[in-house]
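Undergrad: The following block contains the structure, expressed as structure tokens.
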């Protein structure tokens, strides 16, 4: 039975990008024609420009 | 109305005209595309937007871009040695970037956060790291209470404070070992 992952701390694979500021959160997205605004209940809405 | 500004960001000279009301954090994120600096509360409470201005930790949501004119700014993208490839690209980022592991050279504080599990979602992390860098520049061997006090302007909603303290202690040790 392999115990490669059991009983020892493992470094997280997602950390390198998070600690160097090169990760992306929703607020960082820039899509063509994107508009954004707040709607009630703390949501952030990103959508295509309906007028185009 | 716009105002001419000139500054260095992560070692790279930047100049341009900005509206006088533009916040430094919006200049970094929207004009330079450096989205590693986060916006949490926009009221100076949470510290997610912390950057170094002439080596000193400041909250970039409470400074105007024009106030940073003439200064040297370091953001999380520019903290690691040899991190010039993230020195700002002049445009917003698309999806799917940022999955790389960088160039393998991390600042001791970044290393500490990775080693000691100092982050969960990572949203507060850039601000935490830069506030810790400011502390370790002033105080090479801070006591736990001094670390807590120095990071009291940075909030973590994953509540990972204990591991963050350990990450800073790891970095302090590592930095003093390197200098010997």
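Protein chains in written order, with this note's numbering: chain A, 10 to 61; chain B, 594 to 773. For glycine and all other residues, C-beta sits at the position ideal for the given N, C-alpha and C. Please read these numbers as outputs of a predicted model, since none were measured by experiment.
At a Cβ cut of 8 angstroms, what residues of the stretch 697–713 of chain B count as close to chain A, listed as they run along the chain?
TA: From the stretch 697–713 of chain B, only 699, 703, 706, 707, 708, 710, 712 have a Cβ closer than 8 angstroms to chain A.
Undergrad: Measure the C-alpha to C-alpha separation of residue 629 of chain B and residue 671 of chain B and round it to an integer number of angstroms.
TA: Going by the C-alpha atoms only, they are around 10 angstroms apart.
Undergrad: Over the uninterrupted alpha helix (DSSP H) stretch that includes residue 705 of chain B, give me the two end residues.
TA: That run of the alpha helix (DSSP H) goes 701–708.
Undergrad: Looking at chain B, which residues of the stretch 17–50 of chain A have a Cβ within less than 9 angstroms of any of its Cβ atoms?
TA: Hits within the stretch, in order: 18, 20, 21, 22, 23, 24, 25, 26, 27, 28, 29, 30, 31, 32, 33, 34, 36, 37, 38, 39, 40.
Undergrad: Could you check whether the Cβ of residue 669 of chain B sits closer than 7 angstroms to any Cβ belonging to chain A?
TA: So, interface residue.
Undergrad: In whole angstroms, give me the CA-to-CA distance for residue 22 of chain A and residue 711 of chain B.
TA: Taking the straight line from one Cα to the other gives about 14 angstroms.
Undergrad: Whole angstroms is fine: what's the gap from residue 685 of chain B's alpha carbon to residue 40 of chain A's?
TA: Because residue 685 of chain B sits at a pLDDT of 37, beneath the cut-off of 50, its placement in the model cannot be relied upon, and the point is left open.
Undergrad: What whole-angstrom Cβ distance do residue 631 of chain B and residue 720 of chain B have, given they're in contact under 8 angstroms?
TA: Right, their Cβ atoms sit about 7 angstroms apart.
Undergrad: Just grab the DSSP bridge partners of residue 608 of chain B for me.
TA: In the DSSP output, where bridge partners are listed per residue, residue 608 of chain B has B:599.
Undergrad: Using 8 angstroms as the Cβ pair cut-off and three pairs as the minimum, do the stretch 748–758 of chain B and the stretch 660–669 of chain B touch?
TA: These segments do not touch.
Undergrad: In the DSSP assignment, the beta strand (DSSP E) including residue 655 of chain B goes from what residue to what residue?
TA: Note, residue 655 of chain B: premise wrong, no beta strand (DSSP E); not H, not E.
Undergrad: I'd like to check one pair, residue 656 of chain B with residue 617 of chain B: are the Cβ atoms closer than 7 angstroms?
TA: In contact: residue 617 of chain B and residue 656 of chain B (Cβ atoms closer than 7 angstroms).
Undergrad: When you compare only the Cα positions, how much space is there between residue 32 of chain A and residue 715 of chain B?
TA: Approximately 9 angstroms, taken between the alpha carbons.
Undergrad: Give the straight-line distance between the Cα atoms of residue 645 of chain B and residue 35 of chain A, rounded to the nearest whole angstrom.
TA: If you take the alpha carbons of residue 645 of chain B and residue 35 of chain A, they lie about 24 angstroms apart.
Undergrad: What would DSSP say about residue 594 of chain B, mapped onto helix, strand or coil?
TA: If DSSP states are grouped into helix, strand and coil, residue 594 of chain B belongs with coil.
Undergrad: In the DSSP output, which residue or residues are listed as bridge partners for residue 650 of chain B?
TA: Per DSSP, B:645.
Undergrad: Which residues in chain A have a C-beta closer than 8 angstroms to the C-beta of residue 606 of chain B? List them in chain order.
TA: What residue 606 of chain B touches in chain A: nothing, since even the nearest Cβ is about 20 angstroms away.
Undergrad: So is residue 1 of chain A buried or exposed if we call it buried at 16+ other beta carbons inside 10 Å?
TA: Here chain A covers residues 10 to 61 and nothing more, so residue 1 of chain A does not appear.
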